[in-house]
Each structure stands twice: as C-alpha cells, then as structure tokens.
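Using numbering that gives the first Met the number 0, read the sequence shown as starting at 0 and increasing by one per residue.
Glycine residues also receive a C-beta, built at the ideal position from the N, C-alpha and C atoms.
Just so it is clear, the structure is predicted and the values come from calculations on it, not from any experiment.
Encoded as structure tokens, the structure appears first; notes follow it.
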Amino acid sequence: MSRRLKIYDTTLRDGHQCLWATRMPTSMMLPVIEAFDRAGYGAIELMGNVHFDACVRYLRDDPFERMREVKKRLVNTPIQGFIRSACVLGFDIKPADINRLWVEVLLRNGTDRMLAFDGLHDFDNTAPYLKHAKELGAYTVHWLIFSDSPVHTDEMYVAKAHEIIERADVDEIIIQDTSGVLTPERAATLVPALKAAVGDRPLGLHSHCLVGLPQRTYLEAAKHGIDGLYTCISPVADGNAPPSVQTMARNLRYAGYELDIDDDAIESISRHLEAGITLLGKPAGRPQDFDLGQFDHQIPGGVMSNLIANLEQAGMADQLLAVLEECGRVRAELGWPIMVTPFSQHVAVQAALNVIHGQRYGLVIDEVKLYALGYFGKLPAPVEPNVLDRIIERGSQAIALDPPEPEPGVARLRERYPDLDDEERMLRYSFPEDVIDDLYAHPGDALPSTMSVPFLHLMDRLRDQNIPSRIAAGSGDIDVELGFHGAGQKGAA
C-alpha cells in the first residue's frame, strides 16, 4: 500500500532568501497566492526574521501588510511563521514580555503555525514562547537543526526531541538542514531514531541544495518514515535553496508515494516566477555540483548569497575560497555552533576579518565575544581555550563577562508610542526610527503591469497557439518578446 506524504512550500520565504538575498517584493507574490492555495501544500512559509529586515530596509514593503494580504488569499492553506530564539527581529536576547508580544503580533497578522528555532538548541530561548503560542491557539513546530560535527550525533538529536516535546508539548518536529549536508546515509539513521522519539507527532525534513544532496536524501528519508518535505517552486529552487517541487514530486510519485500536489497550479506559479525573473533581473536556481568543502564551513544558502555579494562589493570576490576555508576553522574553534542565523553570519564575518586583516582574531566582532561568553545561550561545546583568551582580550571591553538579565520592555514601549499599534511599535523597537519613517512615507514601488494576472494569462494563451513567429510588445521602458516554434511548444518571455 502506498504512503501519502505532505509537501510544504517555502518559495516565498526560503527560496528568495537563498537565491535573491530576500528581495522578492510583495507585489510579485500576491498575483499567485490563490494558485498557491490550490496547489495542495500542507503549509506555506512566508516571513522569517530576515524578511522583516529586507521589507523595511530595502524593499520598503510593509511586512505586516504582506502578511495580511497573503492571508486574505489563502483560504485553505495555513501560513507558517517563525520565532528565532528569543531575539524578536534582532540577534541579541530580548526581554520575555517583548517576546510574548511578538508572538501575539505574528498570530494576529495571519500566522497559523508557529515555528521556533534556536541555533544552540537552548530551549530556554524558545519553549516559553511556543507554549504561549499554543495557549493562543497556534499549531506549534520546532526545528532540530542538523549539523555535521563531533557533537551533533543522532543521540543528541533524540535527546533534544524529547526535551522540547516535554517542555513545550510541540505539535511537530522538523529536521532543518540549513547547510545542505545531510546525506542519504545519515538520514537512514537519523530519521528512524527521531521517528521513534516523536511518537505520533509528524516529522518533517527541510534541506538545501548547496551540494546537490536533497533530491536523494528526501527519497531516503521518505523510505524511513518522514512525514513531510519542504520544497520551492522552480525557478526559485535549487542552487542554495531547497529542491524543486517539480523534481521532487516526479521522483516521489515514481517511488510510489502519494502527494496532494496540483501540478497545474504549480506550473502557473512557475510561469509567473519566470516572468518576474526576467523583469527584475533575478537569478534562477540551478542544480549545484558536489562541494566537499561545504561539509567544513557549512555556510547556509542565504548567508552564502550575502557573503558573495559583500565580497564583490568590496572588490574581494577572489577571497571567497579563503574565507570559506577560514569559516570551517572558526566554527570548530567556537565549539561547533550550528550554521544558522545568527551564528552563521557571526562565523562568516569573523572569518572574513581573519582573512582580510591577516591576523586571526586580531579584530574580534562583538557578536563573537557575546557568543563565547554565553549571551545567546548555552554552547554546544566549549570554545577552544586559546581562542577564548584572544576573544576576551581583543574583543570590546565594554562587554561584561557575565550576561545581564534583560529588563521588561512592553510597558515602556507603549508609553513611548501611545498612539501606535503594536505592529508599528515592534518595528520601531527593532529598527532605527528614520528607517521606519521612510517605510511609511515612501512605500516601495509596485511591479510593472506586466506582472498582473490578466497579462500573464494572455502570455499563457499566446504560448499555446500554433503561431510560427515572434511577437514583441513595449510599454515605456519595458519590452517583452515572445517566441513561438510550432504547436504545443512554448516560447520564451
């Protein structure tokens, strides 16, 4: 008897985070949300912490308006939102009352499934807020973030699964492989171990294609009982992103699994994304070659895209390999932090400084000293003693050796902004005042009219015609050319 698997979508969250440095505008999303709703997904991911930052600083998209507008159009499919540790929208630990308010704001703006994660697996940073979300009616999910290291064993993950279930009574567990280094062989031991640990709770898997592993790893995980898999819609898939749903659906069905995926809905979204790539000049995801170095540095896709962009901007693109090799060394010396936000960024920046400065830990970023001193939580393993000495000596002396307890902040926040709603209060709490002023004073531009649903329907109809010619159309500074090569063959836009 065949087994049914759930497929979850992360195109609108992880796909463009990994491939476009989180720069997909709301106006590109909204025309196809109804198609997402028809596509048969178990849930759709929309907003992680970095998406609020991209919306506010770069796209000038109101992030809460995005959430509400998407929710209006998703009638049948739940939205999965995120709590990153106890940090709200920053990287440092925030007061408990601020974190509770953040949960309430996310739920109020359309989040149905509340997912939490902590890069140290220190559940003091997540369990209280998932419990709060559950009390408010949310379905709760927790990541167990995979890492290939001496301390991240199957036994450790089983212990962590038991702990978060006991502490927060979560509804679902997901293996999150941000670095794309979960091999089929490791999945064959990890998935059965966790299935036994979580009991009748669903177990999901979310991986990335940085070294081309997920297509095989997903099939192996399915063989060993995984319940759900996370994918993106091509062309916003593969590369540094999760695998293509088109490829995975074909292979899973061939292997005998049943899926609820509507291929026609997926195809319509894919065509829309292809048009957006053309108009906005964004890259499409492509299958990746195997890279053994990824197992050392384990830089995830979203950080990789930003690291490359920053090195290019600094005229140091030729230093990428040296920086990645240094990332592997820094990661080991810091006690094997899992390469997920914010620690992947901290490791990458410190490694880049070590390479550029020429003296390892000659300059120490504040975040690395905070990490080493336990400001973010309990470390998975001790920092290498000689490195710890250098970090303490050369890092900022303004950082106290013992982390202070954050003071409550909600009452002061509401007193400071008495006429604002909690949504805007939380944005002003998290970002500079002038950035939020600019967000509301100068909202981002909408996409060209060529991204509208009627225009895309026209393109689809033209593609299907038996017209052996080319058609060009222009409007202002936008030109679109369609090529046709006979009946049943689709041209290019």
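Cβ of residue i within 9 Å of Cβ of residue j?
i	j	result
Leu45	Gly443	no
Ala347	Ile298	yes
Ala126	Met113	no
Asn250	Leu209	no
Val190	Gly224	yes
Leu438	Glu257	no
Thr25	Asp60	yes
Lys93	Gly408	yes
Pro77	Gly39	no
Val386	Leu333	yes
Ala187	Lys222	yes
Gly203	Asp226	yes
What is the rounded straight-line gap between the Cα of residue i and the Cα of residue j?
i	j	result
Leu278	His50	21 Å
Arg427	Val69	23 Å
Met0	Arg252	Residue confidence for Met0 is low, a pLDDT of 48 falling below 50, so the modelled location carries little weight; the figure read from the coordinates is stated next. For Met0 and Arg252, the distance between alpha carbons rounds to 13 Å.
Asp36	Gly255	25 Å
Ala331	Pro381	10 Å
His207	Pro242	7 Å
Ala167	Met155	18 Å
Asp365	Ala397	9 Å
Leu11	Leu320	30 Å
Glu325	Val31	42 Å
Ile172	Asp111	16 Å
His356	Leu228	42 Å
Pro403	Glu414	24 Å
Ser148	Gly373	20 Å
Asn309	Leu212	27 Å
Tyr416	Ala160	40 Å
Asp401	Glu392	15 Å
Gly487	Gln293	Caution is warranted here: a pLDDT of 42 is assigned to Gly487, below 50, making its placement in the model unreliable, and the coordinate value is therefore given only provisionally. If I take the Cα positions, the gap works out to 42 Å.
Glu273	Ile232	10 Å
Ala440	Val55	12 Å
Would you call residue i buried or exposed, if buried means 16 or more other Cβ atoms sit within 10 Å of its Cβ?
i	result
Asp493	Residue 493 lies beyond the stretch modelled for the chain, which goes from 0 to 492, so this question has no answer here.
Asn124	buried
Gly301	buried
Gly394	buried
Val74	exposed
Asp71	A small fix is needed here, since residue 71 is Lys in this sequence, not Asp. Label assigned to Lys71: exposed.
Asp344	According to the sequence provided, residue 344 is Gln. The question's Asp does not apply to it. Its Cβ being crowded by 16 or more others within 10 Å, Gln344 is buried.
Pro467	Bear in mind that a pLDDT of 45 at Pro467, under 50, signals an unreliable position, so the number given afterwards is only what the model happens to contain. Its Cβ having fewer than 16 others within 10 Å, Pro467 is exposed.
Tyr7	buried
Gln287	buried
Glu432	exposed
Lys377	exposed
Arg411	exposed
So residue i and residue j are supposed to be a Cβ contact under 8 Å. How far apart are they, rounded?
i	j	result
Met66	Gly14	The Cβ separation is near 17 Å, so there is no contact.
Ser429	Gly118	Incorrect: roughly 19 Å between the Cβ atoms, too far for contact.
Asp237	Gly280	With 8 Å as the limit, Asp237 and Gly280 do not qualify as a contact, their Cβ atoms being about 19 Å apart.
Ile268	Ala34	5 Å
Leu100	Ala137	15 Å between Cβ atoms; not a contact.
Can you name, in chain order, every residue of its own chain whose Cβ lies under 6 Å from the Cβ of residue i, other than the five neighbours on each side?
i	result
Arg83	Asn48
Ser448	With a pLDDT of 47 at Ser448, under the threshold of 50, the predicted position of this residue should be treated as unreliable, and no value is reported.
Val363	Ile390, Arg393 and Gly394
Phe145	Ile174, Asp176 and Leu181
Asp329	This sequence places Val at residue 329; Asp is not what is there. Only Val346, Gln349 and Ala350 meet the Cβ criterion.
Pro62	Phe51 and Cys54
Once you ignore the five residues that flank residue i on each side, which residues in its own chain have a CB closer than 7 Å to its CB?
i	result
Ile163	Phe122, Ala126, His141 and Val169
Asn305	Ala20
Arg22	His15, Ala53, Tyr57 and Leu58
Val104	Asp421, Glu422 and Met425
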